[in-house]
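*Asks:* The working numbering runs 454 ahead of the 1-based position in the sequence shown.
C-beta atoms are modelled at their ideal positions from N, C-alpha and C, and glycine is treated no differently.
The structure presented is a predicted model; accordingly, all values stated were derived computationally and were not measured.
Okay, here's the structure, questions in a sec.
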Amino acid sequence: MLPPWIREKKLNLASLREVKTMLRERELHSVCESLACPNRTECFSRGTATFMILGDVCTRSCGFCNVTTGRPYAPPSKDEPRAIAETARRLGLRHVVVTCVTRDDLADGGAQQFAETIRELRIALPDAAVEVLTSDFRGNRDAVRTVIEAKPDYFNHNVETVPRLYDFVRPGSRFERSLAVLREAKSLDPEVVTKSGLMLGLGERREEVIEVLERLLESQVEIVTIGQYLQPKREKLDVVEYVHPDVFDEYRAIGEDLGFRAVFSGPFVRSSYMADVVASSNHARA
Numbered sequence: 455m456l457p458p459w460i461r462e463k464k465l466n467l468a469s470l471r472e473v474k475t476m477l478r479e480r481e482l483h484s485v486c487e488s489l490a491c492p493n494r495t496e497c498f499s500r501g502t503a504t505f506m507i508l509g510d511v512c513t514r515s516c517g518f519c520n521v522t523t524g525r526p527y528a529p530p531s532k533d534e535p536r537a538i539a540e541t542a543r544r545l546g547l548r549h550v551v552v553t554c555v556t557r558d559d560l561a562d563g564g565a566q567q568f569a570e571t572i573r574e575l576r577i578a579l580p581d582a583a584v585e586v587l588t589s590d591f592r593g594n595r596d597a598v599r600t601v602i603e604a605k606p607d608y609f610n611h612n613v614e615t616v617p618r619l620y621d622f623v624r625p626g627s628r629f630e631r632s633l634a635v636l637r638e639a640k641s642l643d644p645e646v647v648t649k650s651g652l653m654l655g656l657g658e659r660r661e662e663v664i665e666v667l668e669r670l671l672e673s674q675v676e677i678v679t680i681g682q683y684l685q686p687k688r689e690k691l692d693v694v695e696y697v698h699p700d701v702f703d704e705y706r707a708i709g710e711d712l713g714f715r716a717v718f719s720g721p722f723v724r725s726s727y728m729a730d731v732v733a734s735s736n737h738a739r740a
């Protein structure tokens with residue numbers, strides 16, 4: 455039985471329909487919809503949205519994710535970057551997040567598609583902040599460089615969970631590799647704001663969460679998001695625990711004491727939740 459603090463948020467259906475229509479017209483994908491994010495209409499109404507590039511089929515099979523797993527086959531769409539930029543312009547977005555399915559079948563993991571999308575967004579929305587939420591590119595440093603050289607304002611890559619649970623939660627991924635990607639991004643561009651996030655409720659221990667926060671800070675991550683794992687469908691991992699909001703508040707305080715620029719921690723917090731709030735205190739690149 456769900457605890458009282460876990461409930462479906464009321465959705466602004468009119469706003470939701472408008473965004474869905476635009477995405478379908480251009481054959482685009484929004485991670486907000488693909489993952490049924492509970493904050494999706496709140497974000498849309500605030501002028502932020504997350505677009506998913508490289509198709510809608512992922513080459514990995516993380517136990518928590520609602521995205522279809524398989525062999526994508528299709529190469530990246532040449533029209534996708536411009537279509538995303540035009541849709542973002544029509545929606546009047548102030549903060550655009552670009553994420554992806556993991557494409558281990560591509561030599562660069564889709565890095566060039568990220569770069570092209572960033573460039574098109576700069577043309578269409580020169581005053582908007584641009585955030586990327588990338589895969590680990592299998593640790594490919596050249597791929598990270600390709601993305602960073604396109605000058606996103608924010609580079610986000612989620613560690614998702616504690617190292618002990620990686621084989622169970624994120625098969626095919628490695629905690630240390632994810633930290634290396636974040637370090638590389640900051641090393642290549644000290645001005646880019648680095649972000650990462652993790653989920654609670656998968657069986658992690660308090661000391662493990664704190665250790666992850668410490669490791670993220672050591673890896674020059676500036677912003678952290680912490681949210682509750684919610685099972686997207688029966689075939690996915692069960693929720694081990696619904697973490698009380700007070701515990702999320704505790705982790706927020708710990709993160710702030712450690713020295714992160716910002717810590718967003720709560721049951722419904724997701725990777726790009728309230729992204730525009732952080733953006734408002736930082737200047738987007740011209």
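Would I680 pass as a contact of S719 if the rule is Cβ separation under 8 Å?
*Replies:* Their beta carbons are under 8 Å apart, which means I680 touches S719 by this criterion.
*Asks:* Enumerated in chain order, which unbroken segments of the alpha helix (DSSP H) with a length of 4 residues or greater are wholly contained in the segment 540–590?
*Replies:* Qualifying alpha helix (DSSP H) stretches, in chain order: 565–578.
*Asks:* So, using beta-carbon positions, are S589 and G563 closer together than 8 Å?
*Replies:* Contact flag set, yes.
*Asks:* Excluding five sequence neighbours on each side, which residues of the same chain lie with their C-beta closer than 7 Å to the C-beta of G626?
*Replies:* R514.
*Asks:* Alpha carbon to alpha carbon, how far is N612 from P457? Give it in angstroms, no decimals.
*Replies:* Their Cα atoms are separated by approximately 26 Å.
*Asks:* Go through the segment 653–689 residue by residue and report every complete run of the alpha helix (DSSP H) that reaches 4 residues or more, in order.
*Replies:* The segment 653–689 contains these whole alpha helix (DSSP H) runs: 660–672.
*Asks:* I'd like to know if the segment 554–563 and the segment 588–604 are in contact, where contact means that at least 3 CB-CB pairs between them fall below 8 Å.
*Replies:* The segment 554–563 is in contact with the segment 588–604.
*Asks:* Taking the alpha helix (DSSP H) that V701 belongs to, which residues open and close that run?
*Replies:* Segment 699–712, the alpha helix (DSSP H) holding V701.
*Asks:* Could you pull out every residue in the same chain whose Cβ sits closer than 6 Å to the Cβ of L489, ignoring the five residues on either side in sequence?
*Replies:* A caution first: L489 carries a pLDDT of 44, below 50, which makes its placement in the model too unreliable to give a value.
*Asks:* Using CA coordinates, which residue listed in R688, L547, D596 is at the minimum distance from A569?
*Replies:* Checking every option, the nearest Cα to that of A569 belongs to D596.
*Asks:* With a threshold of 7 Å (Cβ to nearest heavy atom), would S725 be considered close to the ligand FAD?
*Replies:* The ligand FAD is absent from the structure shown, which contains no ligands of any kind.
*Asks:* Quick one: grab the DSSP three-state call for I460.
*Replies:* I460: coil per DSSP, three-state reduction.
*Asks:* Can you list, in chain order, the residues of its chain whose CB lies under 7 Å from that of E662, leaving out five sequence neighbours each side?
*Replies:* Within the same chain, E662 has close Cβ partners V616, R618.
*Asks:* When the Cα atoms are used, what is the spatial distance from M653 to P686?
*Replies:* Distance between the alpha carbons of M653 and P686 is about 13 Å.
*Asks:* Give a yes or no on whether the C-beta atoms belonging to S673 and V551 are separated by under 8 Å.
*Replies:* Not a contact, by the Cβ cut-off of 8 Å.
*Asks:* Can you give the Cα-Cα distance for F591 and D643, rounded to whole angstroms?
*Replies:* Distance between the alpha carbons of F591 and D643: 18 Å.
*Asks:* Below 8 Å between beta carbons: does that hold for T571 and T504?
*Replies:* No, Cβ-Cβ distance for T571 and T504 is not below 8 Å.
*Asks:* At the level of alpha carbons, what is the spacing between E585 and Y683?
*Replies:* Rounded to whole angstroms, E585 to Y683 spans 23 Å at the Cα level.
*Asks:* For M455, which of S632, D700, V693, F714 has the nearest alpha-carbon?
*Replies:* The residue with the shortest Cα to Cα distance from M455 is V693.
*Asks:* Could you check the C-alpha separation between E630 and L545 for me, to the nearest Å?
*Replies:* C-alpha separation (whole angstroms): 38 Å.
*Asks:* Use the C-beta contact count for H698: other C-beta atoms within 10 angstroms, 16 or more gives buried, fewer gives exposed.
*Replies:* By the 10 Å Cβ count, H698 comes out exposed.
*Asks:* For A707, does the count of other Cβ atoms within 10 angstroms reach 16, so buried, or fall short, so exposed?
*Replies:* Exposed: under 16 other Cβ atoms inside 10 Å.
*Asks:* With distance defined between alpha-carbon atoms, name the residue in R576, R724, F622, A582 nearest to A604.
*Replies:* That would be R576, whose Cα lies nearest to the Cα of A604.
*Asks:* On the three-state DSSP scale, how would you describe G651?
*Replies:* Residue state, collapsed to three classes: strand.
*Asks:* Tell me the DSSP secondary structure of Y608 in three-state form.
*Replies:* Y608 falls in the strand class under three-state DSSP.
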